[in-house]
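Quick note: the sequence shown uses the numbering used here, first residue 2, plus one each step. Cβ atoms here follow ideal geometry from the backbone N, Cα and C, with glycine treated the same way. Reading through the C-alpha cells given below for one structure.
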Amino acid sequence: MIKRKVNIPIFIGLSIVVGIFIGSTFNYKNKSVLFSSNSNEVKIKKLINYIQYDYVDEVDTDSLLDDAITNMLVKLDPHSVYIPKEDLQQVTENMQGKFVGIGVSFLMYHDSVTVTSVIEGGPSERAGLKVGDRIIIADKDTLFGESILRKAKIKENEIGTFAGNRKINEAVIKSLKGEPDTNVDISIYRRSTNEILEIPITRGEVSIKSVPSFYMINKTLGYIEVNRFARTTYDEFKVALDKLISEGMKSLILDLRGNPGGFMDIAEKIVDEFLEDGKLIVFTKNKNGEVNKSYATSDGDFENGKVYVLINQNSASASEIVAGALQDNDKGIIVGRRSFGKGLVQQEMDLGDGSAVRLTTSRYYTPTGRSIQKPYNSKDTKAYNNDYIERIHSGELISKDSIKVDDHLKYITPKGKVVYGGGGIIPDVFVPIDTLNSFSNRLYGRLNDFVFKYVDNHREEMNKWELDNFVKNFDKDNKIFNTYLKQLGLKKSISEKNRENMKIYFKALVARNLFGETGYLKIVQKKDNMILKVLELEKSTN
Numbered sequence: 002m003i004k005r006k007v008n009i010p011i012f013i014g015l016s017i018v019v020g021i022f023i024g025s026t027f028n029y030k031n032k033s034v035l036f037s038s039n040s041n042e043v044k045i046k047k048l049i050n051y052i053q054y055d056y057v058d059e060v061d062t063d064s065l066l067d068d069a070i071t072n073m074l075v076k077l078d079p080h081s082v083y084i085p086k087e088d089l090q091q092v093t094e095n096m097q098g099k100f101v102g103i104g105v106s107f108l109m110y111h112d113s114v115t116v117t118s119v120i121e122g123g124p125s126e127r128a129g130l131k132v133g134d135r136i137i138i139a140d141k142d143t144l145f146g147e148s149i150l151r152k153a154k155i156k157e158n159e160i161g162t163f164a165g166n167r168k169i170n171e172a173v174i175k176s177l178k179g180e181p182d183t184n185v186d187i188s189i190y191r192r193s194t195n196e197i198l199e200i201p202i203t204r205g206e207v208s209i210k211s212v213p214s215f216y217m218i219n220k221t222l223g224y225i226e227v228n229r230f231a232r233t234t235y236d237e238f239k240v241a242l243d244k245l246i247s248e249g250m251k252s253l254i255l256d257l258r259g260n261p262g263g264f265m266d267i268a269e270k271i272v273d274e275f276l277e278d279g280k281l282i283v284f285t286k287n288k289n290g291e292v293n294k295s296y297a298t299s300d301g302d303f304e305n306g307k308v309y310v311l312i313n314q315n316s317a318s319a320s321e322i323v324a325g326a327l328q329d330n331d332k333g334i335i336v337g338r339r340s341f342g343k344g345l346v347q348q349e350m351d352l353g354d355g356s357a358v359r360l361t362t363s364r365y366y367t368p369t370g371r372s373i374q375k376p377y378n379s380k381d382t383k384a385y386n387n388d389y390i391e392r393i394h395s396g397e398l399i400s401k402d403s404i405k406v407d408d409h410l411k412y413i414t415p416k417g418k419v420v421y422g423g424g425g426i427i428p429d430v431f432v433p434i435d436t437l438n439s440f441s442n443r444l445y446g447r448l449n450d451f452v453f454k455y456v457d458n459h460r461e462e463m464n465k466w467e468l469d470n471f472v473k474n475f476d477k478d479n480k481i482f483n484t485y486l487k488q489l490g491l492k493k494s495i496s497e498k499n500r501e502n503m504k505i506y507f508k509a510l511v512a513r514n515l516f517g518e519t520g521y522l523k524i525v526q527k528k529d530n531m532i533l534k535v536l537e538l539e540k541s542t543n
C-alpha cells in the first residue's frame with residue numbers, strides 16, 4: 002500500500018486547533034454571566050496592571066496573558082483551546098472554506114516562487130496565470146533570490162530548512178493576499194514563451210476545497226474524499242454525490258481518513274443523505290442535562306445506496322459523527338482502523354482583540370447512546386497526545402484483537418450488531434496499517450524535486466495528456482522512472498516490491514502535478530489496502 006504521509010505533531014495541532022471543534026453555531030448562551038464584573042475578573046486586571054506598571058523589567062503583558070489563558074484551558078480538557086489573533090484568521094478561513102487572495106498554490110523552486118496550481122474560477126485564472134509561471138514581483142515586492150530571503154528575514158542557518166521555508170511562504174502570502182477588490186500588479190516569468198509578463202490581478206474570494214476528489218472506480222462504485230467539514234463542505238459533497246449518481250453509482254466509498262473534523266451541522270447534513278426519515282443521527286448533552294437530538298429527513302438522495310466509510314486513527318470529531326451514525330443505524334460498512342476518539346463539542350467566543358476561545362460546552366453521543374471520547378486526564382495531557390504511539394506499541398494498528406474494549410460500554414444496534422463506546426469508532430471491517438511498505442529518504446527523498454523538474458521541463462507535452470489515458474499509458478517503458486533510479490546512484494539493487502511501489506508513487510506524483518488530487522488517487526488506489534478491501538467486499542456481495 003502506498004501510504005499518505007502522516008505528520009503526527011501536525012495532526013495533533015490540527016485536531017486541537019482546527020478540526021476538533023464541532024458545533025452548529027458559535028454563540029455563547031450565557032454572555033451576561035461571562036461579561037459581568039466579578040471578583041475574579043478584577044483580580045486578573047489588577048495583576049496585569051501591577052506587572053505592567055511596577056515590574057522591574059519591561060514585560061510583554063499581551064504574551065503573558067496569552068500564556069495564562071492557554072495554561073488555564075489546558076487544565077480543562079484536551080480540546081478547549083485558545084486561538085491567538087495571529088492564527089485566528091487562517092483557522093477561520095480554513096473552516097469557512099474560502100479566503101481573499103489571488104487564487105494560486107505555489108512552492109519555492111530553487112529561488113523562485115513557482116505556481117503549482119491555479120484555483121478554478123479564482124482571480125488568477127481569470128487574469129491568465131498558468132501553472133509553471135514564476136512570480137517575480139508583486140507590486141513592488143521582489144519575490145526571488147536574495148530579496149525574498151531578506152523580506153522573510155531568513156538567517157543563513159535557516160536557508161533550506163522547514164522553518165526557513167515556512168517564513169518564505171508567509172512572506173509571499175503576505176504580498177499576495179489583501180482586502181477584497183484591491184489590485185496587485187504581478188510580474189511573472191513564463192518559461193514556455195521565455196518572456197516576462199505584467200499581469201494586474203484583482204483580489205477576490207477564493208474557495209478552499211474540502212472535497213478535493215470524487216470519481217467512479219468502476220461502473221457502479223463511486224469514491225468521494227472529504228478532508229474536513231468546513232462551512233462549504235456539504236455543498237461540495239452534494240455536487241459530487243449527484244454527479245456520481247448520474248453516472249450510475251450504486252455503492253459509495255466515503256473516504257474520511259485523516260479528516261480531523263469541523264462543523265457538526267455539516268456532518269449531520271451529509272449523514273442525512275444516507276439515512277431514512279426519522280432516524281436519529283446524533284445527540285448532545287450539556288452539564289445541565291439538556292439534550293439536543295438531530296434526526297434525518299426524507300431529503301436523502303442515497304438512502305437506498307450502499308456506503309463504505311473509510312476511517313483511520315486520524316479520523317476525528319465530525320468524521321466520527323458520520324461513521325457512528327451510519328454504524329449505529331446499520332447503514333453501510335465502516336472500513337479501516339479505530340478512529341481518534343473525540344466526543345466533545347466546542348463553541349467559540351470572541352475575546353474582543355482578534356483572538357478567540359473554543360470551549361467545550363457539551364458531549365455528543367451516537368444513536369445507540371455511545372460516547373466515543375477517549376479517556377483523558379486534565380492534569381496530564383502527555384498520555385492523551387501520545388495516544389498514536391501507544392497504539393503502535395499495543396499492536397492495534399496491526400491487529401483488531403489488540404483493540405481494548407470495555408464490556409461495560411457495549412451497545413447493540415437495531416439489527417443486533419455489537420458496538421463499543423469509550424474511545425473512537427471501531428470499524429466493522431478492520432484493515433491493518435501496512436508496515437512492510439514505508440518511505441525511505443534514500444529512495445524517495447529526491448522524488449518530488451525530480452517530478453516537478455521533469456513536468457516543468459516538458460509542460461507543453463505533458464499538458465496534452467488526458468487523465469484516463471495517462472493512468473493507462475504514461476511511462477509504460479519505465480524510461481523516465483529509470484532515469485530517476487540512475488540519479489540515485491544506488492550501490493545495491495532494490496527489491497521488486499519496493500521498485501513497484503516507487504513506480505506507482507512516482508506516476509502518482511506526476512499525475513498530481515497535472516490533474517490534482519484525483520489524478521494522484523486514481524493511481525495509488527491500486528495499492529490502497531482499504532479500497533482493495535472494499536472491492537473485495539463488493540465482489541462477495543454481488
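The three-state secondary structure of Val132, taken from DSSP, is coil. Remark: three or more beta-carbon pairs, one from each stretch, lie closer than 8 Å, so the segment 275-292 and the segment 321-329 are flagged as touching. By the criterion of a C-beta distance shorter than 7 Å, Thr62 is surrounded in its chain by Ile49, Ile52 and Gln53, once the five residues flanking it on both sides are discounted.
Three or more Cβ pairs closer than 8 Å define a contact, and the segment 303-316 falls short of that threshold against the segment 344-355. Rounded to the nearest whole angstrom, the CA to CA distance from Ser295 to Lys343 is 18 Å. Thr194 and Val272 have their C-alpha atoms roughly 49 Å apart. Straight-line spacing of the CA atoms in Asp256 and Gly520 works out to 16 Å.
Within the segment 324-388, the complete beta strand (DSSP E) segments at least 3 residues long are 334-337, 345-351 and 357-366, listed from N- to C-terminus. With a cutoff of 9 Å on beta-carbon distance, Ile481 and Arg339 are scored as not near each other. For Arg151, the enclosing alpha helix (DSSP H) stretches over residues Gly146 to Lys152.
In the pairwise beta carbon analysis, the segment 385-403 is classified as not touching the segment 300-307: fewer than three pairs are separated by under 8 Å. Gly249 has its alpha-carbon roughly 45 Å from the corresponding atom of Val185. Counting other Cβ atoms within 10 Å of its Cβ, Pro201 stays below 16 and is therefore classed as exposed. The three-state reading of DSSP puts Tyr54 in helix, counting H, G and I together. Beta bridge pairing from DSSP links Ala139 with Asp142 and Ile187.
In the structure shown, the three-state DSSP call for Asp63 is helix. In the structure shown, the three-state DSSP call for Ile155 is coil. Counting along the chain, no beta strand (DSSP E) covers Ile169; the unbroken alpha helix (DSSP H) around it starts and ends at Phe163 to Leu177. Counting of Cβ neighbours within 10 angstroms places Gly104 among the buried residues, the total reaching 16 or more. For Val336, the closest C-alpha among the options Val116, Lys493, Leu108 and Val535 is that of Val535.
In the three-state DSSP reduction, Glu206 falls in the strand class (E or B). DSSP lists Gly337 as the bridge partner or partners of Phe431. Per DSSP, reduced to three states, the secondary structure at Glu321 is helical.
DSSP places Met217 inside the beta strand (DSSP E), whose first and last residues are Ser214 to Met217. By the Cβ rule, the segment 159-170 does not count as touching the segment 230-242, because fewer than three pairs are nearer than 8 Å.
Counting along the chain, Asp243 sits inside the alpha helix (DSSP H) bounded by residues Thr234 to Ser247. DSSP places Met109 in the strand class (E or B) of the three-state scheme. Annotated as distal: Ile197 and Ser214, with beta-carbon spacing of 9 Å or more.
The beta carbon of Ile84 sits closer than 8 Å to the beta carbons of Val18, Val92, Ser356, Ala357, Val358 and Arg359 from its chain, once the five residues preceding and following it are set aside; these are given in chain order.
Runs of the alpha helix (DSSP H) spanning 4 or more residues and lying entirely within the segment 439-514 occur at 442-445, 448-458, 460-463, 468-474 and 480-489, in chain order. Per DSSP, the unbroken beta strand (DSSP E) holding Val283 starts and ends at Leu281 to Lys286. Rounded to whole angstroms, the gap between the alpha carbons of Gly424 and Glu397 is 13 Å. If you look at Asn293, you'll find it in the beta strand (DSSP E) that goes Val292 to Tyr296.
The continuous stretches of alpha helix (DSSP H) do not include Gly223, which lies in the beta strand (DSSP E) extending over residues Leu222 to Glu226.
According to the DSSP secondary-structure assignment, Ser252 is paired through a beta bridge with Leu222 and Lys307.
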